[in-house]
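Peer 1: Structure provided below as structure tokens; questions to follow.
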Amino acid sequence: MEVCNEVQAYNLCNSYALKKGFSIRKGNIQRDAKNNIRQRDYLCSKQGFYDDLCEVKTVHQLDTRTGCRALIRFTVDDGVWKISHINSDHNHEFAKLEERQFLKSSRKIQKAHANVISSMVEAGIRPTESYSYLAKEVGGSENVGFTKKDCLNYLHRKKEELIEGGDAQSLINHFKHKQAEDPNFFYSVQVDQCTRMMNFFWRDGRSKLDYDCFGDVLCFDTTFRTNKYNLICAPFVGVNHHWKNVLLGCAFLLDESTKSFVWLFETFLESMGNKHPITIFTDEDKAMANAIEIVFPQTCHRLCTWHIAKNATQPLAGLYTNPEFSKYFSKCSYGCLSESEFEDTWDHMIKTFKLENHSWLQKLYSLRRKWCSAFNLDDFSANIRSTQRVESTNNIFHQISTKTMSLTSFVQHYEQKTADMRLAKLEDDFHCKNGMPHLKAKSGIFKKAASEYTIKIFSFFEKELLGCFEVRLDEVCNVGAKYVFEAIEEGQEKVYKIHFDSITFNISCSCKLFETKELLCRHALKVLDSKNITSVPSQYILKRWTKGAKKGIVVNNDLCESYNKKARSAQSMCLSELMHEANNVVSIASLSDSGTRLVKQKLAEVMMLLESDMEITRSKENLNSIGDQTLHDVLIAKPPVLNPPTIRAKGITNARIKSQLEKKRKKEKKKDARVGNSSRTSRPTTMAASQSEQETNSVSPHSTHYNPSLHHFGDIPSHTFGHPNFQFTTMLQGSDQMPYLSQV
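According to my numbering, the sequence shown is numbered sequentially starting from 2.
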């Protein structure tokens with residue numbers, strides 16, 4: 002029998018061995034003066050003996066050698082492989098029919114199968130369940146071509162390849178691959194003098210588009226740690242036009258110092274084209290507040306009211322459950338319409354309950370502009386009051402993370418969850434496009450709003466519109482086309498003042514709902530109804546909440562992302578289709594001997610054609626080897642970025658981190674507690690910032706006392722990589738370390 006190459010020779014021997022019930026391995030090879038193969042032996046896997054017990058790699062590895070002399074010898078003449086010698090005498094039993102699936106030489110995970118397994122595992126399906134799926138598709142585990150253990154070993158090898166050269170370097174390689182797929186992908190890594198990774202931030206091209214549409218309000222929370230380095234997970238979360246979370250980027254920080262936050266916020270701004278948010282919600286971390294004052298001087302900084310309410314339970318333990326006190330406290334938080342009303346309410350609460358010397362309330366009062374809504378009624382906040390949106394996102398990460406998870410694995414999980422959230426957004430878009438909410442009234446205002454707003458936002462608008470029936474309206478004065486009204490809601494004493502221009506249709510209300518949420522309030526809608534205006538004025542339907550919120554945004558990266566997704570899924574789809582077709586053919590052929598012979602014959606012919614085609618493909622791939630080597634040189638940069646230093650955890654590291662006020666209460670119970678520490682964990686000496694440094698960093702760059710030199714962190718180099726059109730910068734670069742990182 003003759004074959005054309007070594008691959009066909011091996012496959013021929015392997016097919017013969019599988020039918021007989023033994024496994025093979027490659028033996029001696031002889032070459033001519035030009036290094037061409039002249040002779041090749043294929044041996045029974047039980048040939049020979051181990052020379053020494055040391056050759057057995059592990060104690061539990063079995064010695065399977067029996068000295069079997071069976072072999073098949075090929076000689077090669079002018080590229081033609083011919084069988085020149087066969088020894089078919091074996092000194093051992095052959096595997097039974099049901100055992101042949103375990104023969105080593107016949108077990109191989111085909112690339113198509115590997116892609117299916119990888120895709121299923123990335124989707125959250127267990128490896129063993131992925132194997133069971135393949136077994137069911139091909140008619141049983143004996144037809145898969147490999148075992149469950151092979152499947153697990155493949156996934157383990159893949160994971161080892163992922164972190165080859167170090168966890169941090171593997172992450173950078175992953176980012177470079179993503180940047181090759183998505184031209185708008187952006188990432189930045191901060192390292193210390195020893196080239197150890199300290200902080201890093203990344204976002205993809207879709208996040209940039211989302212920020213362009215929904216970056217007016219940010220929620221930022223760092224109360225979650227994950228992975229084996231105990232790094233702080235810091236996602237940037239926004240709110241889209243369906244009132245759902247949208248991930249705008251994510252970072253891992255080694256500590257919570259002002260330096261780290263300044264670096265992160267500056268990097269985030271650079272990645273987003275230096276577009277500042279209108280409002281940012283955080284917890285009450287001092288270092289974070291200092292950084293926001295430096296980087297976001299014009300942004301309204303709000304504190305999470307949920308954290309404040311939770312922190313109030315202990316210092317106000319005797320009062321917080323008091324309904325009267327709770328009423329005052331809630332009104333101070335979000336029930337006042339002016340600063341003077343807040344001051345009057347606060348003073349009355351303090352005097353009524355004799356809290357003039359209460360230290361916790363005094364500190365809270367000093368932060369009133371960041372948590373009381375009365376001080377921020379002119380700033381858009383999407384009606385958000387807390388960072389629980391971020392904490393709900395962090396909770397998802399907490400469920401998928403482990404203490405031993407690598408950086409790259411976590412980033413891949415983040416990417417998968419981001420894809421899930423975008424799929425949910427796509428479904429919401431579909432429902433908005435293909436349906437309308439049921440209208441409780443057939444008025445023009447209802448119809449206009451339902452046609453413009455998304456379903457979720459329309460439900461908010463509908464609530465305000467129906468609330469008009471509970472509003473009593475009185476016209477106070479009228480000067481030409483300008484009107485002033487006073488509105489009182491049923492069962493309430495508060496009076497709202499509305500100004501309306503009947504020519505321009507401009508309208509404003511003292512409740513400031515439109516300013517903070519960009520939706521008309523029931524008081525303004527009552528005025529429009531009283532003036533027989535049957536449609537919402539166009540200037541009060543903001544694009545941000547409409548079905549077409551992203552219309553007109555450049556979608557080049559969407560096309561690129563779509564192309565890459567199709568390319569990645571094409572092989573899996575082909576495999577699935579071929580499996581179904583093959584199962585139908587095999588099922589019919591197995592009913593008769595003639596059908597079985599016919600299918601075997603045709604499969605052999607197809608295999609020959611495929612192998613010939615694969616040879617041509619390999620030749621083409623060899624022509625591109627230079628380009629592949631160039632990519633490899635870029636990915637395996639020297640010197641490599643080293644892993645972050647592991648920070649010793651305080652308690653459960655992958656649990657929610659407690660806020661400053663929560664920790665402060667615990668410190669007060671300990672006489673030997675350290676005072677004035679603004680960081681939540683200990684930090685390496687190379688990154689440590691003294692208390693005086695932190696106080697210095699709290700000075701705003703717009704302050705008259707601001708000294709730029711105090712905010713130059715030149716000892717920590719940082720490297721940023723983004724869209725090719727961005728100007729590449731080496732921020733805070735104090736030396737020429739790691740210049741290769743900027744040569745992307």
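Note that the Cβ used here is the ideal one computed from N, Cα and C, for glycine as well. Note that the coordinates shown come from a computational prediction; the quantities given were computed from them, not determined experimentally.
Within its chain, find whatever has a CB closer than 6 Å to the CB of residue 172; leave out the 5 residues flanking it on each side and keep chain order.
Peer 2: Cβ neighbours of residue 172 beyond the five flanking positions: 408 and 409.
Peer 1: Just to confirm my understanding: we take residue 383, look at its own chain, exclude 5 residues before and 5 after, and list those with CB closer than 7 Å. What are they?
Peer 2: So the list reads 218, 240 and 518, once near-sequence residues are dropped.
Peer 1: Which same chain residues, not among the five before or five after residue 419, have their C-beta less than 7 Å away from its C-beta?
Peer 2: Once the five neighbours on either side are set aside, the close Cβ partners of residue 419 are 248.
Peer 1: Taking Cβ to Cβ, would you say residue 1 is nearer than 8 Å to residue 213?
Peer 2: Absent from the model: residue 1. The displayed extent of the chain is 2 to 745, so no value can be given.
Peer 1: Output yes or no for whether 8 Å exceeds the beta carbon distance between residue 473 and residue 499.
Peer 2: Cβ atoms of residue 473 and residue 499: not closer than 8 Å.
Peer 1: Just the C-alpha distance for residue 73 and residue 84, rounded to the nearest angstrom, thanks.
Peer 2: In a straight line, the C-alpha of residue 73 is about 7 Å away from that of residue 84.
Peer 1: Are residue 429 and residue 455 closer than 8 Å when you measure CB to CB?
Peer 2: Yes; because the gap between Cβ atoms is below 8 Å, this pair is in contact.
Peer 1: Just how far apart, CA to CA, sit residue 682 and residue 268?
Peer 2: Residue confidence is low: residue 682 scores 37 on pLDDT, short of 50, so the model does not pin down where it sits. No coordinate-derived value is stated.
Peer 1: Buried or exposed: residue 296, going by 16 or more other Cβ atoms within 10 Å of its Cβ?
Peer 2: Counting Cβ neighbours within 10 Å, residue 296 comes out buried, since at least 16 surround it.
Peer 1: Mind checking which residues open and close the alpha helix (DSSP H) that includes residue 368?
Peer 2: Run containing residue 368: none; DSSP gives neither H nor E here.
Peer 1: Name the DSSP beta bridge partners of residue 642, please?
Peer 2: Beta-bridge pairing links residue 642 to no other residue.
Peer 1: So is residue 48 buried or exposed if we call it buried at 16+ other beta carbons inside 10 Å?
Peer 2: Buried is the call here.
Peer 1: Alpha helix (DSSP H) containing residue 110: first to last residue?
Peer 2: From DSSP, residue 110 is part of no alpha helix (DSSP H); its letter is neither H nor E.
Peer 1: Using a Cβ-Cβ cut-off of 7 Å (strictly less than) and excluding sequence neighbours within five positions of residue 468, which residues of its own chain qualify?
Peer 2: Correct list, in chain order: 523.
Peer 1: Sorted by chain position, which residues of the same chain lie with C-beta nearer than 7 Å to residue 549's C-beta, five sequence neighbours on each side aside?
Peer 2: The answer is none, since no qualifying residue turns up.
Peer 1: Pick out the complete alpha helix (DSSP H) segments inside the stretch 460-542, 4 residues or longer, and give them in chain order.
Peer 2: Here the runs fully enclosed are 514-518 and 523-531.
Peer 1: Would you decide whether residue 529 is buried or exposed? Buried here means 16 or more other CB atoms lie within 10 Å of its CB.
Peer 2: Residue 529 should be labelled buried.
Peer 1: In chain order, which alpha helix (DSSP H) runs of at least 4 residues are fully inside the stretch 222-297?
Peer 2: The stretch 222-297 contains these whole alpha helix (DSSP H) runs: 259-272 and 287-296.
Peer 1: At the level of alpha carbons, what is the spacing between residue 100 and residue 257?
Peer 2: Whole-angstrom Cα-Cα distance: 58 Å.
Peer 1: Can you tell me the Cα-Cα spacing of residue 503 and residue 547, whole angstroms?
Peer 2: Straight-line Cα distance between these residues: approximately 25 Å.
Peer 1: Going by C-alpha distance, which of 328, 188 and 520 is nearest residue 273?
Peer 2: Closest by alpha carbon: 188.
Peer 1: Judging by CA-CA distance, which residue of 210, 315, 509 and 259 is the nearest neighbour of residue 250?
Peer 2: The shortest C-alpha separation from residue 250 is found at 210.
Peer 1: Residues bridged to residue 547 by DSSP?
Peer 2: BP columns for residue 547 point to 454.
Peer 1: Do residue 513 and residue 378 have their C-beta atoms closer together than 8 Å?
Peer 2: The answer is yes: Cβ separation under 8 Å.
Peer 1: Would the beta-carbon of residue 259 fall within 8 Å of that of residue 292?
Peer 2: Yes. Within cutoff.
Peer 1: Given a threshold of 16 other Cβ atoms within 10 Å of its Cβ, counted over all protein chains shown, does residue 386 qualify as buried or as exposed?
Peer 2: Classification of residue 386: buried, given that the 10 Å Cβ count is 16 or more.
Peer 1: Which whole-angstrom value is the C-beta distance of residue 3 and residue 38, which I expect to be below 8 Å?
Peer 2: In fact, because the Cβ distance is near 15 Å, the residues do not count as touching under 8 Å.
Peer 1: Looking at residue 185: is its Cβ nearer than 8 Å to the Cβ of residue 191?
Peer 2: No, they are not a contact pair.
Peer 1: Helix, strand or coil: how does DSSP classify residue 16 here?
Peer 2: Residue 16 falls in the helix class under three-state DSSP.
Peer 1: In or out: residue 425 buried (at least 16 other Cβ within 10 Å) or exposed?
Peer 2: Flag for residue 425 reads exposed.
Peer 1: Are the beta-carbon atoms of residue 130 and residue 102 separated by less than 8 Å?
Peer 2: It is not a contact, given that the beta carbons lie outside the stated cut-off.
Peer 1: Kindly indicate which residue of 443, 320, 347 and 202 has the alpha-carbon position closest to the one of residue 266.
Peer 2: Among 443, 320, 347 and 202, the Cα nearest to that of residue 266 belongs to 202.
Peer 1: Check for me: the beta strand (DSSP E) holding residue 306 runs from which residue to which?
Peer 2: No beta strand (DSSP E) contains residue 306, which is instead part of the alpha helix (DSSP H) from 306-312.
Peer 1: Does DSSP put residue 386 in a helix, in a strand, or in coil?
Peer 2: If DSSP states are grouped into helix, strand and coil, residue 386 belongs with coil.
Peer 1: Where do the N-terminal and C-terminal ends of the alpha helix (DSSP H) with residue 39 fall, by residue?
Peer 2: That residue, residue 39, is in no alpha helix (DSSP H); its beta strand (DSSP E) goes 38-45.
Peer 1: Residue 334 and residue 361 look like a contact to me (Cβ under 8 Å); what is the Cβ gap, rounded to whole Å?
Peer 2: At roughly 15 Å, the Cβ-Cβ gap does not stay under 8 Å, so residue 334 and residue 361 are not in contact.
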